[in-house]
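Shown next, in structure tokens, is the structure this report addresses.
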Amino acid sequence: MLVSPLRLAYVGDAVHSLFVRTELVLRGGKARAMHKSAVGSVNAAAQAAALEQVESLLTQTEADIVRRGRNAHAHHAAPRSATRAEYARATGLEALFGFLYLTGQVQRLQTIYEAMRASQEETPCLPVP
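Take 1396 as the starting number for the sequence shown in this note's numbering and just add one per residue.
Encoded structure:
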């Protein structure tokens, strides 16, 4: 598949957000609380930290996708809430999510997501779509 890392990250951002939001809906709660939780998980700093926890689980191909995403240069500045390094690592994670989704590797995507959640000491509860 020949898709640029930034395009993979574009899709991966939506996929990651969908996984987080689906998990929150399944857990229940008020919409405002769910939104606050989602914002806490779907940001560059949190994604960079999550990637650090699962990097050892990645295949060589997956690690290459992360590296390509991390090294891709977006034409905008990193958000004020994250460092450039965190933003780059988050882009790598998003590129991986985009790649796995677009290549139909949903089970692998769920495995990585659950490992990220487990590393945050929360119980994963997202079923395969």
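Cβ coordinates follow ideal geometry from the N, Cα and C atoms, glycine included.
ask   = Just how far apart, CA to CA, sit ALA1409 and GLY1493?
value = 8 angstroms
inquiry  = With H, G and I counted as helix, E and B as strand and the rest as coil, what does DSSP make of LEU1488?
reply    = helix
ask   = Any contact of the stretch 1423 to 1434 with the stretch 1475 to 1488, i.e. 3+ C-beta pairs under 8 angstroms?
value = no
task = Output the distance between the C-alpha atoms of ARG1463 and ALA1426, rounded to the nearest integer angstrom.
result = ARG1463 and ALA1426: Cα-Cα distance of roughly 36 angstroms.
As assigned by DSSP and simplified to three states, the class of THR1506 = helix
task = Write down the C-beta distance between GLY1407 and TYR1508 rounded to the nearest angstrom, noting that I regard them as a contact closer than 8 angstroms.
result = Incorrect: roughly 11 angstroms between the Cβ atoms, too far for contact.
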